[in-house]
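S.K.: Shown below is the structure under consideration.
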Amino acid sequence: MSIILFDDNARQTLLPLTHTRPVADLRLGILTIAEKWARHLNTTSSFHTADYLQAKYPARIGTDNLFINGAVCPDENLLEAIDKLQTGQALKYNDLLLAVRLNQTDAGNFDPEAGFGSVISYTSLFVAIRYPEDIFSKNDIELRKDFQLLTKGRTSAVVSSTNVIIGNDFFAEEGAVAECSTFNTTNGPIYLSGNTEVWEGTHIRGPFAICEHSQVKMGTKIYGATTVGPYSRVGGEINNAVIWGYSSKGHEGYLGNSVLGEWCNIGADSNNSNLKNNYAEVKLWDYTTQRFRKTGLQFCGLIMADHAKCGINTMFNTGSVVGVGANVFGAGFPRNFVPDFSWGGAAGFEVYVLHKMLETAQKVFERREHRTFDETEQDILKKIFELTEEYRRF
Numbered sequence: 016m017s018i019i020l021f022d023d024n025a026r027q028t029l030l031p032l033t034h035t036r037p038v039a040d041l042r043l044g045i046l047t048i049a050e051k052w053a054r055h056l057n058t059t060s061s062f063h064t065a066d067y068l069q070a071k072y073p074a075r076i077g078t079d080n081l082f083i084n085g086a087v088c089p090d091e092n093l094l095e096a097i098d099k100l101q102t103g104q105a106l107k108y109n110d111l112l113l114a115v116r117l118n119q120t121d122a123g124n125f126d127p128e129a130g131f132g133s134v135i136s137y138t139s140l141f142v143a144i145r146y147p148e149d150i151f152s153k154n155d156i157e158l159r160k161d162f163q164l165l166t167k168g169r170t171s172a173v174v175s176s177t178n179v180i181i182g183n184d185f186f187a188e189e190g191a192v193a194e195c196s197t198f199n200t201t202n203g204p205i206y207l208s209g210n211t212e213v214w215e216g217t218h219i220r221g222p223f224a225i226c227e228h229s230q231v232k233m234g235t236k237i238y239g240a241t242t243v244g245p246y247s248r249v250g251g252e253i254n255n256a257v258i259w260g261y262s263s264k265g266h267e268g269y270l271g272n273s274v275l276g277e278w279c280n281i282g283a284d285s286n287n288s289n290l291k292n293n294y295a296e297v298k299l300w301d302y303t304t305q306r307f308r309k310t311g312l313q314f315c316g317l318i319m320a321d322h323a324k325c326g327i328n329t330m331f332n333t334g335s336v337v338g339v340g341a342n343v344f345g346a347g348f349p350r351n352f353v354p355d356f357s358w359g360g361a362a363g364f365e366v367y368v369l370h371k372m373l374e375t376a377q378k379v380f381e382r383r384e385h386r387t388f389d390e391t392e393q394d395i396l397k398k399i400f401e402l403t404e405e406y407r408r409f
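In this note's numbering, the protein residues as written are 16 to 409.
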C-alpha cells in the first residue's frame with residue numbers, strides 16, 4: 016500500500032512555515048509528522064502538496080493508496096480506524112477529511128475537497144495543527160508521545176557521572192555526550208539523540224528533545240516543552256520553543272513560545288517577547304486574511320520561517336511573524352509582520368534582492384556537507400519570491 020500524506024487548507028493557515036515544505040514535514044515533538052506515520056505504519060510515505068514542491072517532495076501513487084491528512088498526528092485509535100478502511104472509503108471528523116483509501120485511477124485525481132461516496136465518521140479526539148502557534152502549543156503532548164514511541168523496549172545509553180539526572184524519564188542514544196549538566200525529568204521526559212552534545216553548566220527541564228548532530232552550549236537554560244532539531248546549535252534561555260533543524264540560536268538572549276524553521280540564525284543577545292505588557296491576547300499575522308488573527312493565547316512569541324535571520328540585539332515584539340528569507344537587523348522593534356525576502360528593521364524595510372539571498376543560502380548550505388543547495392532548492396525559493404511579492408510593497 017502507498018501512503019500519501021496530503022495537504023488540505025492547513026497549508027494556507029500555517030504559512031509562512033509551509034511555503035517551503037508540505038504540512039507533514041513540520042516537526043512537532045521529536046519527529047516530523049511524516050516520520051511519526053512512517054514509524055507507526057512501518058513504511059515510508061510520500062506527499063500530495065503544492066506543485067512547486069513536488070520535485071523535492073514527490074507523490075508516489077500505486078495500485079492501492081492510503082491518503083492521510085498531513086496535519087494530523089497518529090495515535091492508537093486513529094491508526095485502528097484507518098487500518099479498517101476499504102478501497103473507496105473515507106474517514107472524516109465532522110467535515111475534516113482524515114484519510115481515504117483509493118485505487119490507482121481515483122488516486123490520480125485526488126482532491127481533499129472532493130466528495131467521497133462512502134464516509135465513516137470519526138469521533139475520538141486527536142492532535143492536529145492548523146496554525147503556526149499550534150506547533151509550540153501542542154509540542155508537550157507530541158514530545159511525550161514520541162518519547163514513548165522511540166524508547167519502547169530500549170535501554171538508555173550511559174552518560175557521564177558528572178551530570179545530575181532528576182527523575183526517571185531520561186533517555187540518551189549511543190553517541191550522546193553531556194558533562195556537568197542537570198536534567199530534570201519530573202515535569203516531562205528528556206531525549207538526547209545520537210551524536211549530540213550538551214556542554215557544561217547547562218540546565219534542562221523537560222519535556223525536551225535534541226535531535227542528531229546538535230549542540231547545547233555552555234550555561235544554557237532550557238524549559239519545556241522544547242525541541243531542538245538536527246544539526247542545530249543553541250544557547251542562552253529557551254522556553255517552549257521548536258527549532259526544526261539546521262538553525263542556530265547560539266548566544267545569550269531569550270526565545271520563548273516560538274517556532275524557528277530550518278537555516279535560521281539568531282544574532283547574539285537577540286530576544287523575543289512572549290507576553291504583552293497589558294497581558295492581552297496575542298494576535299499573529301494571517302496570510303489567508305492578510306490581517307492579524309486572534310490566537311486565544313496570552314503567551315506567544317516568534318514565528319520564523321526557513322532561511323530567515325536576524326542581527327545582534329534584535330528585539331522581536333510579542334506575536335512576531337518573519338517570512339522566508341527575511342533578514343532583520345538594527346535598533347528598535349521591527350514590525351510584527353516581516354514579509355518574506357525583506358531586508359531591514361525598525362527603521363524600514365526594502366526587498367532582499369533574490370540573487371543576494373540565494374548567495375547567502377548557498378554559503379549556509381556549504382557548512383553542511385551532506386546537504387546541497389541544488390536547482391530544486393533554488394527553484395522553490397524563486398517560486399516563493401514570486402508568490403509573496405504582494406506583501407513587499409514598502
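Glycine included, every Cβ here is placed at the ideal spot set by N, Cα and C.
Quick check on Val48: buried or exposed, where buried means 16 or more other Cβ atoms within 10 Å of its Cβ?
M.R.: In the sequence shown, the residue the question calls residue 48 occupies position 33. The sequence shown places Ile at residue 48, rather than the Val named in the question. Under this definition Ile48 is a buried residue.
S.K.: In the DSSP output, which residue or residues are listed as bridge partners for Glu381?
M.R.: For the purposes of this step, residue 381 is taken as the residue at position 366 of the sequence shown. DSSP, once it has assigned bridges, lists no residue as partnering Glu381.
S.K.: Can you pull the DSSP bridge partners for Thr120?
M.R.: Within the sequence shown, the letter at position 105 stands for residue 120. Paired residue(s): none; Thr120 is not in a bridge.
S.K.: Write down every uninterrupted run of the beta strand (DSSP E) in the segment 160-236 whose length is 3 residues or greater and which is fully enclosed by it, in chain order.
M.R.: 179-181, 185-187, 197-199, 205-207, 218-220 and 223-225
S.K.: How long is the line joining the alpha carbons of Pro127 and Asp22, rounded to whole angstroms?
M.R.: Translated into the one-based positions of the sequence shown, residue 127 becomes position 112. Translated into the one-based positions of the sequence shown, residue 22 becomes position 7. Near 8 angstroms, if we compare the C-alpha coordinates of Asp22 and Pro127.
S.K.: At the level of alpha carbons, what is the spacing between Glu381 and Phe388?
M.R.: Within the sequence shown, numbered from 1, the residue matching residue 381 stands at position 366. Within the sequence shown, numbered from 1, the residue matching residue 388 stands at position 373. Taking the straight line joining both Cα atoms gives about 8 angstroms.
S.K.: Compute the Euclidean distance between the alpha carbons of Lys99 and Ser136, then round it to the nearest angstrom.
M.R.: Position 84 of the sequence shown, counted from the first residue, corresponds to residue 99. Position 121 of the sequence shown, counted from the first residue, corresponds to residue 136. C-alpha separation (whole angstroms): 13 angstroms.
S.K.: Excluding the five sequence neighbours on either side, which residues of its own chain have a C-beta within less than 6 angstroms of the C-beta of Tyr7, listed in chain order?
M.R.: The chain is shown only over 16 to 409; residue 7 falls outside these bounds and no answer can be derived.
S.K.: Going along the chain, which unbroken runs of the alpha helix (DSSP H) with 4 or more residues stay wholly within the segment 319-393?
M.R.: Those alpha helix (DSSP H) runs which fall completely within the segment 319-393 and span 4+ residues are 369-381.
S.K.: One question on the structure: do Gly345 and Ala362 come within less than 8 angstroms of each other, judged by their Cβ atoms?
M.R.: Here residue 345 is taken as the residue at index 330 of the sequence shown, counted from 1. Here residue 362 is taken as the residue at index 347 of the sequence shown, counted from 1. Against a cut-off of 8 angstroms, the Cβ pair of Ala362 and Gly345 comes out as a contact.
S.K.: Identify the residues that DSSP records as bridge partners of Asn254: which are they?
M.R.: On the sequence shown, residue 254 is found 239 positions in, with the first residue counted as 1. Tyr238 and Gly271, per the DSSP bridge assignment.
S.K.: Would Asn287 and Ser335 be called neighbours here (beta carbons separated by less than 8 angstroms)?
M.R.: If you number the sequence shown from 1, residue 287 lands on position 272. If you number the sequence shown from 1, residue 335 lands on position 320. Taking a C-beta distance under 8 angstroms as the contact criterion, Asn287 and Ser335 qualify as a contact pair.
S.K.: DSSP on Ile45, reduced to helix/strand/coil?
M.R.: As a first step, residue 45 must be located in the sequence shown, where it is residue number 30. Three-state DSSP puts Ile45 in coil, outside helix and strand.
S.K.: Kindly indicate the opening and closing residues of the beta strand (DSSP E) around Arg26.
M.R.: Counted from its first residue, the sequence shown places residue 26 at position 11. If you look at Arg26, you'll find it isn't in any beta strand (DSSP E); it sits in the alpha helix (DSSP H) that goes Ala25 to Thr28.
S.K.: Express the C-alpha separation of Leu140 and Lys167 in angstroms, rounding to a whole number.
M.R.: In the sequence shown, counting from the first residue as 1, residue 167 sits at position 152. In the sequence shown, counting from the first residue as 1, residue 140 sits at position 125. Between the alpha carbons of Lys167 and Leu140 lies a gap of roughly 24 angstroms.
S.K.: Determine the DSSP secondary structure at Trp259, reduced to helix, strand or coil.
M.R.: Residue mapping note: residue 259 aligns to position 244 of the sequence shown, counting from 1. Strand at Trp259.
S.K.: Could you say if the segment 391-407 and the segment 57-72 meet the contact criterion of at least three C-beta pairs nearer than 8 angstroms?
M.R.: yes
S.K.: Would you be able to state if there are at least three C-beta pairs under 8 angstroms between the segment 111-122 and the segment 172-179?
M.R.: no
S.K.: If I measure Cβ to Cβ from Glu148 and keep anything under 7 angstroms in the same chain, skipping five residues before and after, which residues do I get?
M.R.: In the sequence shown, the residue the question calls residue 148 occupies position 133. Cβ within range, chain order: Leu299, Thr310, Leu312 and Cys315.
S.K.: What's the gap between the Cα of Tyr108 and the Cα of Glu50?
M.R.: Locating residue 108 in the sequence shown gives position 93, where the first residue counts as 1. Locating residue 50 in the sequence shown gives position 35, where the first residue counts as 1. Each residue's Cα considered, the two are about 23 angstroms apart.
S.K.: Figure out for me which residue from His266, Asn202 and Arg36 has the closest Cα to the Cα of Asp155.
M.R.: If you number the sequence shown from 1, residue 155 lands on position 140. With distances taken between Cα atoms, Asp155 lies closest to Asn202.
S.K.: Starting from Asp301, trace the alpha helix (DSSP H) in both directions and tell me its first and last residue.
M.R.: To locate residue 301, count along the sequence shown from 1; it is residue 286. Asp301 -> not in any alpha helix (DSSP H); beta strand (DSSP E) instead, spanning Lys298 to Asp301.
S.K.: Is Leu32 helix, strand or coil when you go by DSSP?
M.R.: In the sequence shown, the residue the question calls residue 32 occupies position 17. Correct three-state label for Leu32: coil.
S.K.: Around the C-beta of Val134, are 16 or more other C-beta atoms found within 10 angstroms, so that it is buried, or is it exposed?
M.R.: By one-based count along the sequence shown, residue 134 stands at place 119. With fewer than 16 other Cβ atoms within 10 Å, it is exposed.
S.K.: On the CB-based measure, 16 or more other CB atoms within 10 Å of its CB, does Glu374 come out buried or exposed?
M.R.: Counting from 1 along the sequence shown, the entry for residue 374 is found at position 359. The residue in question, Glu374, is exposed, as its Cβ has fewer than 16 Cβ neighbours within 10 Å.
S.K.: Drop a sphere of 10 angstroms on the beta-carbon of Ala96, count the other beta-carbons inside from all chains shown, and report buried for 16 or more, exposed for fewer.
M.R.: For the purposes of this step, residue 96 is taken as the residue at position 81 of the sequence shown. Answer is buried; the Cβ neighbour count reaches 16.
S.K.: Distance check for Thr391 and Tyr72, CA to CA, integer angstroms please.
M.R.: Within the sequence shown, residue 72 is the residue found at index 57, counting from 1. Within the sequence shown, residue 391 is the residue found at index 376, counting from 1. So the alpha carbons of these two residues sit roughly 10 angstroms apart.
S.K.: For Glu157 and Gln377, I'd like the C-alpha separation in whole angstroms.
M.R.: Sequence index remark: in the sequence shown, residue 157 carries index 142 (1-based). Sequence index remark: in the sequence shown, residue 377 carries index 362 (1-based). C-alpha separation (whole angstroms): 33 angstroms.
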